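Chemist: Quick note, the sequence shown lines up with residues 349 to 796 if you use our numbering. We treat Cβ as the ideally placed atom computed from N, Cα and C, and that holds for glycine. Source: prediction; values computed, not measured. A single structure is presented below for examination.
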Amino acid sequence: MENVAVIGTGYVGLVTGVVLSEIGHTVTCIDIDENKVNTLSQGNSPIYEPDLDALLEKNIAENRLHFTTNHSEAFDQAEIIFIAVGTPQSENGSANLVHIEQAARDIAHKVVRDTIVVVKSTVPVGTNDLVQAIIEQELRASVNVQVVSNPEFLREGHAIYDTFHADRIVIGAENERAGDTIQSLFENLEVPVVRTNRRSAEMIKYASNAFLAVKISYINQIANLCEMLGAEVNDVADGMGLDHRIGRSFLNAGLGYGGSCFPKDTAALAYLGCENGISLSIVDAAIHANHQQSQIFLERVLNHFNGDMIGKKIAILGLAFKPDTDDMREAPSLKIIKNLLDSKAQVKVYDPVVHEINDFSHPSIEYTNSVQDCITNADAILLVTEWDEIVNSDWKQLIDYPKSPLILDGRNVLSIKELTNLGWQIEGIGQAAKPVQKKVLPIGQNGI
């Protein structure tokens with residue numbers, strides 16, 4: 349078992365620290381926010397993630413998991429130091445590495461023993477080399493430090509499960525012994541390991557996320573075409589997904605992708621392509637298609653009211669960018685709510701976990717405590733996040749509460765047939781509208 353330090357207690361850092369302690373290592377997590385450290389030390393997680401609180405409390409009680417603001421205290425016994433700080437998106441789309449560089453300097457100034465530094469944060473290709481260079485240039489003790497890339501592949505809302513049942517662990521190392529040490533760190537997880545150099549490991553992360561983003565944008569565009577041609581996108585996705593070369597995951601049409609990874613990572617990859625003179629037109633198209641998707645949904649809402657939203661009461665079910673998380677970064681709900689408010693609509697919202705949008709207040713937005721409260725007297729209901737509590741509501745009983753029984757299902761999770769039979773007027777994305785009738789030309793007149 350190893351002594352491990354983790355710099356950063358955000359989503360990636362906290363999950364990493366908790367899981368490493370759960371499999372037997374002694375872990376000290378570092379954060380500069382003293383209030384956050386105190387909260388975590390008491391066993392309270394600042395983020396919502398299923399199973400995280402229980403493992404946090406358990407490993408603190410068993411003295412394997414600790415939190416501090418003091419780097420020297422954390423590094424004193426650490427043989428391995430993880431860097432899990434944020435890499436926010438810059439205005440030009442590139443990844444901002446200021447926190448990564450500071451973490452490297454903190455290590456160089458405070459480390460007192462031979463150490464392996466593991467970059468867990470999502471970073472552009474070449475960043476691990478930069479971390480190695482900063483540490484070597486500013487190292488104050490006579491010790492050896494090796495840098496290893498170990499990107500994360502967690503789904504928010506399933507992070508603990510994904511860690512214990514991962515598809516793969518990627519380890520990028522220039523020093524074979526350092527790579528072997530990090531591989532042995534995870535041996536209790538019994539997950540396949542991919543060994544590469546550092547730059548390949550960095551690229552695996554970006555390429556994977558961009559590919560999934562492309563898949564989401566693709567099925568959303570197919571969904572928009574399905575509506576015009578009388579096809580059902582869920583059936584189309586099921587049929588496509590049975591082909592093992594394609595697979596069914598990430599073929600769920602809806603409002604597009606959000607969160608902390610896909611928007612930022614696709615932008616960063618597009619920037620890297622541009623910076624190196626390589627066209628990534630497919631990634632660019634995915635980004636553009638994703639921006640369009642929530643606007644298409646908004647136009648559908650506006651069309652129901654002939655563009656006049658003044659005073660209309662719109663119920664928003666779900667705020668987080670996906671269920672089982674409280675993450676609001678790049679959440680489609682934000683753009684939808686802001687556009688509705690700009691159109692002078694009155695907005696009521698409900699989310700089982702997110703009870704308020706930080707740094708956003710408006711007199712025409714009302715936070716509610718249940719689905720029933722949210723939809724009462726509503727002119728339209730927009731399902732934005734597919735929480736089980738929302739999807740599994742008693743829609744037969746709820747039909748008496750809105751002013752108009754109109755549901756626009758932005759996640760394609762409600763049964764149109766069942767709800768229509770209950771009296772609801774419901775529309776999904778990519779669900780068959782009346783097909784466009786086109787005149788069929790005789791052979792020869794249309795170029796065939």
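1) Let me know the secondary structure DSSP gives Q694 once reduced to three states.
2) Please say whether E734 and V761 have beta carbons closer to each other than 7 angstroms?
3) With DSSP as the reference, label F430 as helix, strand or coil.
4) Is N638 buried or exposed, if buried means 16 or more other CB atoms sit within 10 Å of its CB?
5) Helix or strand or just coil, what does DSSP make of E775?
6) Am I right that G729 and A663 are in contact with their C-beta atoms under 8 angstroms? What's the rounded C-beta distance?
7) Determine the contact status of Y749 and I723, defining contact as a CB-CB distance below 7 angstroms.
8) With distances taken Cα to Cα, identify the nearest neighbour of A679 among K563, E486, G441, G602.
9) Report yes if the C-beta distance between S389 and L404 is below 7 angstroms; otherwise report no.
10) Please report the distance separating the alpha-carbon of P790 from that of E550.
11) State the DSSP-derived secondary structure class of S752, mapped to helix, strand or coil.
12) Considering only DSSP beta bridges, list what V354 is partnered with.
13) Which residues in the same chain have their Cβ closer than 7 angstroms to the Cβ of A451, if we skip the five residues on either side of it in sequence?
14) Counting along the chain, where does the alpha helix (DSSP H) carrying F610 start and finish?
15) Buried or exposed: which applies to H592, given that a residue is buried once 16 or more other Cβ atoms fall within 10 Å of its Cβ?
16) Do N476 and R546 have their CB atoms nearer than 7 angstroms?
17) Report the option in P499, A507, P540, R503 whose CA atom is closest to the CA atom of A521.
18) Where V366 and V375 are concerned, what is the direct C-alpha to C-alpha distance, given to the nearest angstrom?
19) For the beta strand (DSSP E) holding G520, just list the boundary residues, first then last.
20) Out of H419, D462, I713, E647, point me to the one whose CA is closest to R453's CA.
21) Which ranges does the alpha helix (DSSP H) cover as unbroken runs of at least 4 residues, wholly within the region 421-509, from first to last along the chain?
22) Measuring alpha carbon to alpha carbon, tell me which residue in A615, E427, E623, D757 is nearest I530.
23) Taking the alpha-carbon of A526 as reference, which of D736, W772, I429, K458 has the nearest alpha-carbon?
24) Looking only at its chain, what residues have a beta carbon closer than 8 angstroms to the beta carbon of I380, apart from the 5 residues adjacent to it on each side?
25) Quick one: residues in its chain with C-beta nearer than 7 angstroms to the C-beta of R543, no 5 flanking neighbours on either side, listed in chain order?
26) Take N386 as the anchor and find which of F415, S469, D742 has the nearest alpha-carbon.
27) For A668 and D699, which I take to be in contact (beta-carbon distance under 8 angstroms), what is that distance rounded to the nearest angstrom?
28) What are the boundary residues of the alpha helix (DSSP H) that T768 is part of?
29) Apart from the five residues just before and just after G621, which ones in its own chain have a Cβ nearer than 6 angstroms to its Cβ?
30) For K787, count the other beta carbons within 10 Å of its own beta carbon; 16 or more makes it buried, fewer makes it exposed. Which is it?
31) By how many angstroms is the C-alpha of T470 removed from the C-alpha of A618?
32) Are there 16 or more other CB atoms within 10 angstroms of the CB of I448, so buried, or fewer, so exposed?
33) Residues in the same chain with beta-carbon distance under 7 angstroms from G589, minus the five sequence neighbours each way, listed in chain order, please.
34) Closest to G604 by CA distance: which of D583, Q643, A422 is it?
35) Does the contact criterion of 3 or more C-beta pairs under 8 angstroms hold for the region 487-497 versus the region 455-468?
36) Can you have a look at G587 and say buried or exposed, based on whether 16 or more other CB atoms are within 10 angstroms of its CB?
Modeler: This is what the structure gives:
1) Note: Q694 maps to strand in three-state DSSP.
2) yes
3) strand
4) buried
5) strand
6) First, the residue type needs correcting, since residue 729 is Ile and not Gly in the sequence shown. Indeed, because the Cβ distance is near 5 angstroms, the residues count as touching under 8 angstroms.
7) Closer than 7 angstroms, so yes.
8) G602
9) no
10) Residue placement at P790 cannot be trusted, given a pLDDT of 49 that sits under 50; what the coordinates show is reported in the next sentence. Cα to Cα, P790 sits roughly 55 angstroms from E550.
11) coil
12) According to DSSP, which records beta bridges pairwise, V354 is partnered with C377, F430.
13) I355, I431, V433
14) Looking at the DSSP string, the run of the alpha helix (DSSP H) that includes F610 is 610-623.
15) exposed
16) yes
17) Minimum Cα distance to A521 is reached at P499.
18) About 8 angstroms.
19) 517-521 is the extent of the beta strand (DSSP E) around G520.
20) H419
21) Within the region 421-509, the complete alpha helix (DSSP H) runs of at least 4 residues are 446-458, 475-486.
22) E427
23) When C-alpha distances from A526 are compared across D736, W772, I429, K458, the shortest belongs to I429.
24) T417
25) Within the same chain, R543 has close Cβ partners I519, G527.
26) F415
27) 6 angstroms
28) 764-769 is the span of the alpha helix (DSSP H), which, as asked, contains T768.
29) L628
30) Because K787 carries a pLDDT of 44, less than 50, the predicted location of this residue cannot be relied on, and no value is offered for it.
31) The straight-line gap separating the alpha-carbon atoms of A618 and T470 is approximately 15 angstroms.
32) Residue environment for I448: buried (at least 16 other C-beta atoms within 10 angstroms of its C-beta).
33) G595, R596, L599
34) Q643
35) yes
36) exposed
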